[in-house]
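Protein chains in written order, with our numbering: chain A, 3 to 323; chain B, 25 to 358; chain C, 289 to 585.
Encoded as structure tokens, the structure appears first; notes follow it.
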Amino acid sequence: MLFYVARRLAQAVPLVFVIILINFFLIHAAPGDPVFVLLGSMDTTPEFVERVRREFGLDQPLWVQFATYLGKILSLDLGYSLRFQEPVLGLILDRLPATLLLMGTALTVSSVVGILLGAIAARRPYSVTDHASTIVALAGYSMPVFWLGQIMLIVFALHLAWFPTQGMYSLRAPSEGWGRVMDIARHMVLPVITYSVYHLALVYRLTRVKMQETLALDFITTARAKGVPEGRVVFVHALRNAVLPVVTVIGLNFGFMLAGSVLTETVFAWPGMGRLLFDAIGARDYPVLMGLFTVLSLMVIIANVITDVIYAMVDPRVIYR
Amino acid sequence: MQASPLLRAEGLVTHLFTDSGRVRAVDGVSLEVRAGEAVALVGESGCGKSMTALSLMRLVRPPGRILEGVVEFEGTPLLPLSDAEMRRLRGGRLAMIFQDPMTYLNPLMRVGAQIVEAIVLHQKVSAQAARTIALEALERVRIPAAATVLDYFPHQLSGGMRQRVLIAMAISSRPSLLIADEPTTALDVTVQAQIMQLLAEVRRALGSALLLITHDFGLVAEYCDRVYVMYAGQIVEEGSVFDVFERPRHPYTRALLRSTLGPDKRVASFTTIEGQPPSLIAPPRGCRFHPRCPEAMARCASESPPRFGLGVGVAARCWLHAGDAPAGREVAHG
Amino acid sequence: MSTAGAMQAAEATAQMPVIAPHVPAWRIFARNGTAAFGAIVLAVLIPLAVLGPFLAPFDPSRVNAGPPMAGPHWPHVFGTDDLGRDVFSRVADGLRVSLLVGFGAASFSTGLGVVVGGVAGFFGRFIDDLLMRITEIFQVIPRFFLGVLLVAFFGASIFNIIFAIAILSWPEVARVVRSEFLSLRARQFVDAARVAGASRRTLIFSEILPNAMGPVVVNGTLLVGQAMLLEAGLSYLGLGDPSLVSLGVMLQEAQQIMRTAWWTTAFPGLMIFLAVLSLNLVGDGLNDVLNPRSRER
């Protein structure tokens with residue numbers, strides 16, 4: 003098993019390489035002098051420009067430049083943001099926990115609810131409830147995530163004032179203990195719901211289809227023929243088999259989920275990576291943008307490895323070579 | 025005349041309501057299985073015999089539906105039973121095994137867990153005791169190193185071994201009737217014989233009756249006492265195996281026997297029955313076999329033949345016997 | 289095999305030749321009521337977008353066309369924004385830009401995907417391996433953020449936005465086309481053409497491609513909607529084309545004033561929602577017509 007994890011990680015290495023290559027390509031393909039891309043469009047002294055030029059070896063042949071760049075990334079140097087006056091990696095790591103908290107919660111809630119609803123819907127295909135929930139699910143991923151956030155914010159935070167409008171904590175709330183947890187939870191409700199709607203719709207629709215396929219399989223007939231109650235047929239025999247492909251798709255969609263999370267964060271001014279991305283775009287802070295792309299890509303790659311490992315743990319047919 | 029049968033179906037009708045029309049898969053089937061006997065239900069694929077088996081177990085799923093008829097098992101009418109009562113029978117007194125052992129086991133559950141699940145549902149025993157019973161069942165179906173196999177996943181077993189596992193699962197609660205739907209069709213020829221031998225042996229040991237669904241008259245001859253021949257959703261002939269082989273009364277049975285036994289009998293070529301099997305959505309008027317029947321008469325195209333009783337436990341649904349049938353034994357179905 | 293019932297039905301029907309009643313395509317489509325609904329909504333929205341400049345009661349960029357920040361009222365049915373511009377006229381105009389991006393990006397990525405998938409599926413072997421490896425890489429990297437980088441680096445022109453979205457979306461098309469090509473390549477009628485001495489070009493363009501079009505069209509329809517959502521996302525992050533006001537750009541502008549003027553965000557968003565939902569419904573309906581095997585998708 004450990005060997006399998008190691009092998010999957012090794013397979014991810016070329017991907018990391020490709021991502022660094024994309025960054026490098028963008029630095030050079032973007033209009034203008036690469037040095038200003040590396041600086042971000044900030045005014046600075048000619049001496050500093052020279053320093054960066056030397057640091058990245060921009061006067062050297064291209065392959066030396068790439069080697070230099072690769073070396074920097076691999077030593078975890080993602081550049082320096084003049085705007086924030088801070089190394090990019092630090093900026094991102096500061097905001098990572100908030101993003102992970104929001105995304106992890108939303109992902110868990112929507113996956114569990116989506117799978118359960120999908121399983122229930124699959125039991126009575128083509129019924130009125132099935133049709134209705136299918137249309138609702140389709141609606142769920144036909145709307146811009148951030149727009150849904152805006153509407154929720156207007157209705158539930160501004161008009162009904164049930165929840166705070168933005169941020170992660172109130173200034174007046176206690177700064178530790180249970181009070182702080184509750185404060186953060188209150189701030190999380192709207193962003194989590196907003197973000198969950200899209201993902202829930204996806205998971206629901208997929209689970210429903212996979213459950214219908216699985217419930218038609220022969221071993222389900224065997225289970226029924228030996229007298230297994232219907233609830234157990236659905237939730238023990240069918241669900242485990244049906245969920246496997248759903249897990250894979252959740253893993254494959256992780257990148258788009260991050261995008262949804264970033265947009266949601268922007269609506270609710272959640273102090274995570276999304277907010278950082280928004281600010282960096284506004285300031286055309288290229289080092290931060292590239293740094294974010296690198297870190298987000300790594301997250302996606304890791305998520306894919308985790309998905310594969312989960313799959314391997316659930317499905318005995320996967321051989322850990 | 026005799027003690028009430030173990031299983032009795034009377035006028036069973038199961039149709040499938042598909043997009044392209046209503047498929048009359050089971051259209052007025054009546055049959056009996058007595059305690060301890062081996063009965064075959066024979067027909068070409070698509071004649072509705074698997075659907076009949078599923079109907080007897082009440083395992084028909086949409087778009088299929090049992091529309092009418094009576095099914096009695098050990099004296100209890102099954103169709104009015106609640107789902108929970110029906111479940112208590114399924115896998116307990118009334119068990120079933122299927123065609124393709126590759127797909128009929130849950131790929132994510134260990135073999136042992138799947139057998140234990142069946143045992144726990146029907147016998148009031150602890151999980152530990154259930155495991156012992158499962159082990160005994162695996163040994164009874166001659167699985168080598170049964171204790172190890174309990175912890176295997178299905179994909180680690182060969183097709184023959186999986187069918188043995190399915191049989192072990194089905195007999196684990198000592199059923200009085202075992203329905204076997206083409207149990208050897210998906211297996212290698214050499215394994216087929218072993219599995220059939222095993223079924224016969226296990227059946228004798230437990231005193232269970234067997235309803236064998238098959239298209240293979242060879243198996244019928246070797247392993248069964250009585251036989252029902254099914255064509256286009258209806259039983260067209262019934263009788264003891266000896267009777268039916270020696271004196272097939274229905275032209276369809278004759279054709280089927282010829283095509284199965286071919287070279288062994290006088291017919292030189294390995295013939296198949298001429299013509300296409302009929303659509304079960306719009307079956308032919310009159311006798312359903314008449315478009316392919318070499319002995320068809322004018323009457324066959326317009327009037328559906330009733331079941332003509334031709335002696336004890338012998339009957340055929342064919343106008344050729346309109347004269348032979350003793351008065352009062354003529355019972356029409358459908 | 290699909291459902292247990294269908295399997296039993298298949299046993300009973302497929303193995304015996306049942307003459308399948310011919311159902312006209314439009315009836316399958318219409319039977320699917322939701323698809324018909326989607327088609328009707330699109331039949332209203334597309335003319336609205338195309339004829340927007342003539343239908344809109346006001347010039348979308350005219351400042352002080354009405355009182356600033358006024359809620360919906362006649363003649364400003366969707367209200368006005370902080371500069372007194374008419375929201376309805378701007379929505380009609382924005383819908384045109386959004387649909388343009390949607391259709392543009394969908395055609396672009398479909399074209400790209402058909403070429404990559406077609407080449408991979410037709411030639412097979414190491415070309416297939418190479419192209420599929422590249423496709424996989426594109427599927428794993430977070431494409432939305434790649435789009436963000438592309439637009440941020442190369443400038444937020446409408447062409448760059450279309451290009452960036454196309455780059456995000458082609459891998460799915462490529463996979464669909466490849467698998468169609470792989471299965472069609474082995475089909476008898478293609479063999480027949482090959483034996484008859486058809487050139488590769490004839491094989492690809494007149495034998496295989498037309499038969500692979502069903503899934504491509506379905507996927508293309510869904511892509512239009514996805515592209516509209518991606519455009520809205522990019523615009524919301526400040527990467528919309530500043531010279532053309534799309535619905536996404538309107539939503540981004542509204543972020544500042546929506547607390548007092550809900551209509552500035554509600555209506556543009558509703559318009560995107562309606563358009564994308566209809567496209568998805570129509571896509572599902574087309575799928576029923578063109579790929580009867582996969583009714584469930």
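The beta-carbon is built from N, C-alpha and C at its ideal position, and this holds for glycine as well.
(request) Could you name the residues that DSSP lists as bridge partners for His361 (chain C)? (result) For His361 (chain C), which the question treats as bridged, DSSP gives the partners C:His364.
(request) Label Pro33 (chain A) either buried or exposed according to how many other C-beta atoms from any shown protein chain fall within 10 Å of its C-beta, with 16 as the threshold for buried. (result) Label assigned to Pro33 (chain A): exposed.
(request) For Lys228 (chain A), count neighbouring C-beta atoms within 10 Å of its own C-beta (all shown protein chains included) and say buried if the count is 16 or more, exposed if not. (result) Classified as buried, Lys228 (chain A) has 16 or more neighbouring CB atoms from the shown chains inside 10 Å of its CB.
(request) Check the Cβ-Cβ distances between Ala554 (chain C) and every residue of chain A, and say whether any is below 8 angstroms. (result) Yes, its Cβ sits closer than 8 angstroms to a Cβ of chain A.
(message) Within a Cβ cutoff of 7 angstroms, which residues of the same chain sit near Ala240 (chain A), ignoring the five residues on either side of it in sequence?
(response) Same-chain partners within the cutoff: Met213, Thr216, Leu217 and Ile222.
(request) Would you list, in sequence order, the uninterrupted alpha helix (DSSP H) runs of no fewer than 4 residues that lie entirely inside the region 14–95 of chain A? (result) If only complete runs of 4 or more residues are kept, the region 14–95 of chain A shows the alpha helix (DSSP H) at 36–41, 48–57 and 64–76, in order along the chain.
(request) Decide if Gly257 (chain A) is buried, meaning its Cβ has at least 16 other Cβ atoms within 10 Å, or exposed. (result) So Gly257 (chain A) counts as buried.
(request) Flag Met145 (chain A) as yes if its beta-carbon sits less than 8 angstroms from any beta-carbon of chain C, otherwise no. (result) Judged by the 8 angstroms Cβ criterion, Met145 (chain A) is in contact with chain C.
(request) Determine the extent of the beta strand (DSSP E) in which Arg384 (chain C) is found, giving its start and end residues. (result) It is not in any beta strand (DSSP E) - Arg384 (chain C) instead sits in the alpha helix (DSSP H) that spans Val375 to Phe411.
(request) For Arg290 (chain B), name the three-state secondary structure that DSSP assigns. (result) Note that Arg290 (chain B) scores 45 on pLDDT, short of 50, meaning its location in the model is unreliable; the coordinates nonetheless yield the value given after this. Coil.
(message) Rounded to the nearest angstrom, what separates Leu438 (chain C) and Phe325 (chain C) at their Cα positions?
(response) A straight-line Cα-Cα distance of about 37 angstroms links Leu438 (chain C) and Phe325 (chain C).
(message) Measuring alpha carbon to alpha carbon, tell me which residue in B:Ala322, B:Pro301, B:Ser326 and B:Met321 is nearest Gly310 (chain B).
(response) Gly310 (chain B) has its Cα closest to that of B:Ser326, out of B:Ala322, B:Pro301, B:Ser326 and B:Met321.
(request) Answer yes or no: do Leu202 (chain B) and Ser232 (chain B) have a C-beta to C-beta separation smaller than 8 angstroms? (result) Yes, the Cβ-Cβ distance between Leu202 (chain B) and Ser232 (chain B) is below 8 angstroms.
(request) Using a Cβ cut-off of 8 angstroms, pull out every chain B residue sitting near Asn243 (chain A), in sequence order please. (result) Chain-ordered, the chain B residues with CB closer than 8 angstroms to the CB of Asn243 (chain A) read Asn130, Pro131 and Leu132.
(request) Please list the residues of the region 77–104 of chain B that have a C-beta atom closer than 7 angstroms to any C-beta atom in chain A, keeping them in chain order. (result) Under the 7 angstroms Cβ criterion, the region 77–104 of chain B contributes Met81 and Leu83.
(message) Distance cutoff 8 angstroms, beta carbons only. Does Ala592 (chain C) sit that close to anything in chain A?
(response) A question about residue 592 (chain C) goes unanswered here, because the residues of chain C that appear run from 289 up to 585.
(message) Restricting to Cα atoms, I'd like to know which of B:Glu160, B:Leu181, B:Pro178 and B:His179 is closest to Ala384 (chain B).
(response) Because residue 384 (chain B) is not part of the residues shown, which for chain B are 25 to 358, the question remains open.
(message) Assuming contact is defined by CB atoms lying nearer than 8 angstroms, are Tyr524 (chain C) and Thr196 (chain A) in contact in what I supplied?
(response) For Tyr524 (chain C) and Thr196 (chain A), no; Cβs fall outside 8 angstroms.
(request) Give the DSSP-derived three-state secondary structure of Ala282 (chain A) in the structure shown. (result) In this structure, Ala282 (chain A) counts as helix in the three-state DSSP scheme.
(message) At 3 residues or longer, what runs of the beta strand (DSSP E) sit wholly inside the region 188–233 of chain B?
(response) Counting only runs of 3 or more residues that sit fully inside the region 188–233 of chain B, the beta strand (DSSP E) segments are 201–205, in chain order.
(request) Could you pull the start and end residues of the beta strand (DSSP E) that Leu434 (chain C) belongs to? (result) DSSP places Leu434 (chain C) outside any beta strand (DSSP E); the residue lies instead in the alpha helix (DSSP H), whose first and last residues are Arg431 to Phe442.
(request) Starting from Val94 (chain B), trace the beta strand (DSSP E) both ways and give me its first and last residue. (result) Its beta strand (DSSP E) spans residues Gly88 to Phe97.
(request) Classify Pro305 (chain C) as buried or exposed, calling it buried when 16 or more other Cβ atoms lie within 10 Å of its own Cβ. (result) Note that Pro305 (chain C) scores 32 on pLDDT, short of 50, meaning its location in the model is unreliable; the coordinates nonetheless yield the value given after this. Pro305 (chain C) is exposed by the Cβ-count criterion.
(request) Grab me the residues of Gln540 (chain C)'s own chain with a C-beta within less than 6 angstroms of its C-beta, minus the 5 sequence neighbours each way, in chain order. (result) The answer, listed in chain order, is Ser523 and Tyr524.
(request) Identify every residue that forms a DSSP beta bridge with Thr38 (chain B). (result) DSSP lists B:Val50 and B:Ile90 as partners of Thr38 (chain B).
(message) Counting only Cβ pairs nearer than 8 angstroms, list the residues of chain C close to Ile2 (chain A).
(response) This structure does not reach residue 2 (chain A), given that chain A is present from 3 up to 323, and the question cannot be answered.
(request) With DSSP as the reference, label Gly229 (chain A) as helix, strand or coil. (result) Residue state for Gly229 (chain A) is assigned as coil, using DSSP reduced to three classes.
(message) I need the DSSP call for Ala340 (chain B), collapsed to helix, strand or coil.
(response) Here Ala340 (chain B) sits in strand by DSSP.
(message) For the structure I just gave you, are there three or more beta carbon pairs, one from the region 509–524 of chain C and one from the region 561–568 of chain C, closer than 8 angstroms?
(response) Segments in contact, yes.
(message) For chain C, check one thing: does any of its Cβ atoms lie closer than 8 angstroms to the Cβ of Arg97 (chain A)?
(response) No, Arg97 (chain A) lies away from the interface with chain C (no Cβ there is under 8 angstroms from its Cβ).
(message) Buried or exposed for Gly321 (chain C), going by 16 or more other Cβ atoms inside 10 Å?
(response) Sixteen is the threshold: since fewer than 16 other Cβ atoms of the shown chains lie within 10 Å of the Cβ of Gly321 (chain C), the residue is exposed.
(request) Leaving out five residues on either side along the sequence, give the residues of the same chain with a beta carbon under 6 angstroms from the beta carbon of Leu31 (chain B). (result) Leaving aside the five residues that flank Leu31 (chain B) on each side, the residues in its chain whose CB is nearer than 6 angstroms to its CB run, in chain order, Val57, Phe97 and Leu201.
(request) May I ask which residues mark the beginning and end of the beta strand (DSSP E) holding Gly333 (chain B)? (result) Start and end: Arg331 to Gly333.
(message) Determine, for Pro459 (chain C), whether the minimum Cβ-Cβ distance to residues of chain A falls below 8 angstroms.
(response) Cβ-Cβ to chain A under 8 angstroms: no for Pro459 (chain C).
(message) Just verifying my parser: in three-state terms, what is the DSSP assignment at Glu381 (chain B)?
(response) No statement about residue 381 (chain B) is possible, as the shown extent of chain B runs from 25 to 358 and does not include it.
(message) Output needed for Gly116 (chain B): all residues of its chain with C-beta closer than 6 angstroms, excluding positions within five of it in sequence on either side, in chain order.
(response) Exclusion of the five residues before and after Gly116 (chain B) leaves His146 and Ser197 as the residues of its chain whose Cβ lies within less than 6 angstroms of its Cβ.
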